[in-house]
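Down below is the structure, laid out as structure tokens.
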RNA sequence: GCGCCCAUAGCUCAGCUGGAUAGAGCAACAGAUUUCUAAUCUGUGGGUCGCAGGUUCGAGUCCUGCUGGGCGCGCCA
């Protein structure tokens, strides 16, 4: 009985007992083992809805659930204090799941809970300098969210938007040329040391050079985009003018001081915004409207953007524009990624693209490795600011959480190498798997698919790293207490653990080494 | 000044649409290896969940105010 199956069981219990059928009860893993494998607050909520004693209702529900199940999946179903219903799975159920894990192999954890065509856009750094650590964080998070959404049944494309038009790229070109003449960059230009290594004679060549470096860095981080969407292609297709005309037709534009404005203030923004400058050139905002119109035109059901916190002020104006254009804004999510402050010991390192004083994403990868970089950046909620001490990450590299998880996988492979394929035998009596450590491990394995679904739904990669640590812990404890070699049932359990652990690392884009 | 985000153990962070006795890793201390990898495990200490109110059977979680920090508030991108 997975969480979903318990949910539908409880729904039919409510129906049979003729209780309030539409309460949104929760099913959780309770804080202590004595309270079962799963627990629901259903009695509390039903009691409240019916204005009766919640404990009595819980008692009734527990009895009915046990009756319907009639000992197939649950050893017992109990009710408890404020109105909880607690479910205790039979060991046979957990044991049976091991066979299912082996059978599903790489697919264990995947599901079809969602079926949308999703475009996720992230990083989208200006092609005027190397990627900084914040980009790196958003790259890792975006990449893993894409993997999560694929794993739960969606068709997903990843996209990097290239801002290769406008004042910034003009200043970039001027800065490169100035550096070659040993001159100062223009006002607001780029002064980092990387400027001298930019190759190319034309602006396009210079941008291509910078872009290629970004692409390589991302590849090194295990992040490979499906699409690189160049802003210039929007201009070539005259999409900006087309977008402005659409807004004009909707009567949400006006002219003032020679510029064309969008009446965004009336649509939830702080103020009105310029679409076309007095000199006739469009703003970045106009390009962004055209770009997102184009995204929806390409037939995606859902758009997800990861934007740096420095762009959060653009959320309301872009949503206002898309809404007035009658696009489904409810299917347009913007995840705001907070910054990373790098430290060397107590010393914070400022991230500024315009000064030479920055540590790039590439340097971080090279210093602490791809696996550790991905794990650390995935391991915290992207909505929270992250303080990241390079010295600490490097110094402690031997008991980094990522190595802890990888080590569990390597240990398993080492055991399995010592066997002659007994783990793959189909006729094994699993009923001997009764030890508490075995049970804990089996239960942890059982919850992997629902964890993936939950992490995908919340767009929370850090749930996956968390699970990886927990699974490794449960495995290591099992390993300490239970000798595996010579026990066919335990070999089965270990093999299922190997598959699950590998799938966790696969989802995170981290290597699953067979030896360490 | 206005807007968004954050504040949980010495440090870095989890805590799911409000649920049962607030967790993990690191750091500190004490132990475990003739046995499948000790990159492991066991145990100990460590908390007014920034502060003050409110909502209710129940608040780290929701609301209001305050304090402290990050980021925005361009006819830059």
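In the numbering used here, the protein residues as written are 5 to 520.
All C-beta atoms, glycine included, are put in the ideal place defined by N, C-alpha and C.
Here residue 131 is buried, its C-beta having at least 16 other C-beta atoms within 10 Å. With respect to residue 498, residue 369 sits apart: the two C-beta atoms are not nearer than 7 Å.
One thing to note: residue 113 has its Cβ within 7 Å of the Cβ of residue 507. At a Cβ-Cβ threshold of 7 Å, residue 466 and residue 385 count as neighbours. Separation of residue 102 and residue 500 (C-alpha to C-alpha, rounded to the nearest whole angstrom) is 6 Å. Per DSSP, reduced to three states, the secondary structure at residue 194 is coil, with no helix or strand assignment. Taking C-beta separations shorter than 6 Å and ignoring five residues to either side along the sequence, the partners of residue 17 in its chain run 65, 68 and 69, following chain order. When secondary structure is reduced to three states using DSSP, residue 314 falls in the helix class.
With the rule of 3 Cβ pairs closer than 8 Å, the segment 107-123 does not count as touching the segment 205-217. Per DSSP, the unbroken alpha helix (DSSP H) holding residue 444 starts and ends at 440-450.
Just so you know, the alpha carbons of residue 152 and residue 463 end up roughly 8 Å apart.
Rounded to the nearest angstrom, the gap between the Cα atoms of residue 22 and residue 450 is 32 Å. When the Cα atoms are used, residue 200 and residue 312 turn out to be separated by approximately 27 Å. For residue 368, the enclosing alpha helix (DSSP H) starts and ends at 365-372. Counted as a single uninterrupted DSSP element, the beta strand (DSSP E) harbouring residue 44 occupies residues 42-44.
Taking the Cα positions, residue 252 is about 14 Å away from residue 330. Taken through DSSP and simplified to helix, strand or coil, residue 319 comes out as helix.
Between residue 346 and residue 372, the gap from beta carbon to beta carbon reaches 7 Å or more. By the beta-carbon neighbour count (other beta carbons within 10 angstroms, threshold 16), residue 396 is exposed. The residue from 189, 180 and 231 with its alpha-carbon nearest to that of residue 210 is 180.
Contact between the segment 49-64 and the segment 76-92 is present: three or more C-beta pairs spanning the two stretches fall below 8 Å. Within the segment 262-338, complete beta strand (DSSP E) segments of at least 3 residues are found at 263-266, 277-280 and 306-312, given in chain order.
Around residue 158, the same chain offers 118, 120 and 122 as residues with beta carbons nearer than 6 Å, after the five sequence neighbours per side are excluded. Nearest in C-alpha terms to residue 147, of all of 518, 35 and 510, is 510.
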